[in-house]
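Position in the sequence shown (from 1) plus 84 gives the number in our numbering. All C-beta atoms in this analysis are idealised placements derived from N, C-alpha and C, irrespective of residue type, glycine included. Please read the structure below before turning to the comments.
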Amino acid sequence: MASRNPTRQDATLNDGNSFSPLMLASPSSMINQIKFEDEPEVKDLFITVDEPESHITAIETFITYRIATKTTRGEFDSSEFEVRRRYQDFLWLKSRLEDAHPTLIIPPLPEKFIVKGMVERFNDDFIETRRKALHKFLNRIADHPTLTFNEDFKIFLTAQAWELTSHKKQGPGLLSRMGQTFKAVASSVRGVKNRPVEFTELAEYVEAFGQKISVLDKVSQRILKEQKDYYEEMKEYGPIYTLWSASEEDLVDPLRGVAGCIDKCCKVTEALNSKLSNDLIPIIHEYVLYSETLSVSTMGGLCYTRGCIESMAVT
Numbered sequence: 085m086a087s088r089n090p091t092r093q094d095a096t097l098n099d100g101n102s103f104s105p106l107m108l109a110s111p112s113s114m115i116n117q118i119k120f121e122d123e124p125e126v127k128d129l130f131i132t133v134d135e136p137e138s139h140i141t142a143i144e145t146f147i148t149y150r151i152a153t154k155t156t157r158g159e160f161d162s163s164e165f166e167v168r169r170r171y172q173d174f175l176w177l178k179s180r181l182e183d184a185h186p187t188l189i190i191p192p193l194p195e196k197f198i199v200k201g202m203v204e205r206f207n208d209d210f211i212e213t214r215r216k217a218l219h220k221f222l223n224r225i226a227d228h229p230t231l232t233f234n235e236d237f238k239i240f241l242t243a244q245a246w247e248l249t250s251h252k253k254q255g256p257g258l259l260s261r262m263g264q265t266f267k268a269v270a271s272s273v274r275g276v277k278n279r280p281v282e283f284t285e286l287a288e289y290v291e292a293f294g295q296k297i298s299v300l301d302k303v304s305q306r307i308l309k310e311q312k313d314y315y316e317e318m319k320e321y322g323p324i325y326t327l328w329s330a331s332e333e334d335l336v337d338p339l340r341g342v343a344g345c346i347d348k349c350c351k352v353t354e355a356l357n358s359k360l361s362n363d364l365i366p367i368i369h370e371y372v373l374y375s376e377t378l379s380v381s382t383m384g385g386l387c388y389t390r391g392c393i394e395s396m397a398v399t
């Protein structure tokens with residue numbers, strides 16, 4: 085995995101706050117082996133994902149997002165680009181990056197929409213949450229010292245829709261074919277007995293972490309749902325006490341006081357729900373996605389790759 089400057093801030097779900105699941109605590113046997121190069125970095129690629137737009141055809145309904153890119157890199161034909169991409173295009177990019185760079189950790193994408201929430205598929209909150217996640221995905225790639233120079237990534241940012249469609253139809257390049265080989269090998273060495281100790285420790289750590297963070301994710305989602313239900317109920321109680329006070333001359337002040345307290349509780353609960361849904365839960369869920377990315381098969385692929393490199397060094 086390529087090292088990166090720890091002082092560098094990642095683009096996040098909040099489009100600004102720094103919080104990277106890549107900086108997870110690792111087993112003590114490995115943490116001392118990690119070194120970061122303290123080199124100055126000049127950002128030369130700026131990407132923004134915004135302006136979601138719904139499209140309705142005779143076959144399907146989908147959403148595209150505007151991707152605005154500004155860069156000073158010489159390999160780009162212009163300094164500014166603007167294209168529209170749908171979720172399937174992001175999936176294609178992630179797949180190509182995984183094939184071309186099988187030993188790197190590719191940033192996760194938000195899950196593909198599931199049937200369970202199909203009714204709220206184009207809910208504004210859902211669209212905004214996905215937009216933020218896609219924004220973070222592209223900026224994580226842009227900030228990566230290796231992935232940022234991937235040719236498919238460049239095409240994704242610059243090609244018009246028809247050009248991207250044409251490029252997708254082309255066969256995989258050498259790196260992609262090698263990546264597919266690594267994936268096949270990784271699947272075949274899942275149970276290898278002579279895996280180096282550090283890979284075994286890291287795989288066990290990731291598996292245990294994934295189980296715990298998944299539970300935390302589910303609990304957080306349940307808490308948010310209950311908080312939202314509580315908020316909706318309180319909104320109904322406030323007006324009731326206000327109306328009640330109009331028919332009880334002796335209890336006007338107490339009843340209005342209760343109505344005022346309920347109103348304050350509503351505002352606090354609404355703010356709390358906003359923090360949970362916008363700040364905490366997306367980050368926890370991203371940890372879940374990263375733990376799935378760092379699977380045992382990935383460890384197997386890295387282990388196999390290291391063995392190949394060591395063999396070539398000996399010969």
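Mind checking which residues open and close the alpha helix (DSSP H) that includes residue i?
i	result
Pro366	Ile365 to Thr377
Glu316	Val281 to Ala330
His251	Ala245 to Lys252
Thr213	Asp208 to Asp227
Pro192	Element bounds for Pro192: n/a, residue is neither H nor E.
Ser56	This structure gives no information on residue 56, because the portion of the chain shown stretches from 85 to 399.
Asp236	Glu235 to Thr242
Suppose contacts are defined by Cβ-Cβ distances below 8 Å. Is residue i in contact with residue j by that definition?
i	j	result
Asn234	Ile131	no
Thr155	Leu177	no
Ile189	Thr326	no
Asp134	Arg214	no
Asp173	Leu241	no
Lys319	Cys345	no
Gln311	Asn357	yes
Val167	Ile147	no
Leu193	Phe221	yes
Ile211	Pro136	yes
Can you give me the start and stop residues for the beta strand (DSSP E) that residue i sits inside?
i	result
His139	Leu129 to Ile140
Leu154	The amino acid occupying residue 154 in the given sequence is Lys; Leu does not appear at that position. Lys154 -> beta strand (DSSP E) spans Thr145 to Thr155.
Val167	Glu164 to Arg170
For residue i and residue j, what's the separation of their Cα atoms in angstroms?
i	j	result
Ile367	Asp334	51 Å
Ile115	Pro323	Since pLDDT at Ile115 reaches only 44, below the 50 mark, its modelled position is unreliable, and the value read off the structure follows with that caveat. Roughly 57 Å separates the two Cα atoms.
Val342	Arg170	49 Å
Lys296	Phe283	20 Å
Pro191	Leu231	10 Å
Pro105	Leu373	Here Pro105 scores only 46 on pLDDT, less than 50, and its place in the model is too uncertain to base an answer on.
Ala243	Asp313	45 Å
Ala226	Val290	25 Å
Ser375	Ser304	17 Å
Ser113	Ala142	Residue placement at Ser113 is poorly supported in this model, since its pLDDT is 46, which falls under 50; the coordinates still yield a value, given next. Those two C-alpha atoms are separated by around 57 Å.
Glu288	Ala184	26 Å
Phe165	Thr153	5 Å
Trp328	Val336	8 Å
Ser331	Pro338	13 Å
Pro140	Tyr149	This sequence places Ile at residue 140; Pro is not what is there. Going from the Cα of Ile140 to the Cα of Tyr149 covers about 14 Å.
Leu286	Pro229	23 Å
Gly294	Thr187	20 Å
Asn207	Ser138	11 Å
Arg157	Lys196	32 Å
Glu144	Ala217	23 Å
Ala292	Lys253	40 Å
Arg340	Leu364	35 Å
Trp246	Ser162	19 Å
Lys127	Ile239	19 Å
Lys306	Asp209	The residue asked about is misnamed: residue 306 is Arg in this sequence, not Lys. Their Cα atoms are separated by approximately 17 Å.
Glu182	His219	19 Å
Please name the residue, chosen from the options, that lies closest to residue i on a Cα-to-Cα basis.
i	options	result
His251	Ala226, Asn357, Glu195 and Arg180	Arg180
Phe360	Trp328, Ala330, Val336 and Asp301	Reading off the sequence, residue 360 comes out as Leu, not Phe. Here the closest residue by C-alpha is Asp301.
Glu354	Leu308, Ala330 and Leu339	Leu308
Phe237	Asp347, Glu159, Glu316 and Glu212	Glu159
Glu370	Glu317, Lys348, Ser298 and Arg340	Ser298
Glu316	Val352, Arg340 and Ala292	Val352
Asp347	Tyr321, His219 and Ser163	Tyr321
Looking at the C-beta of residue i, does it have a partner C-beta in chain B at a distance below 8 Å?
i	result
Glu285	Among the chains in the structure shown there is no chain B, since it carries only a single protein chain.
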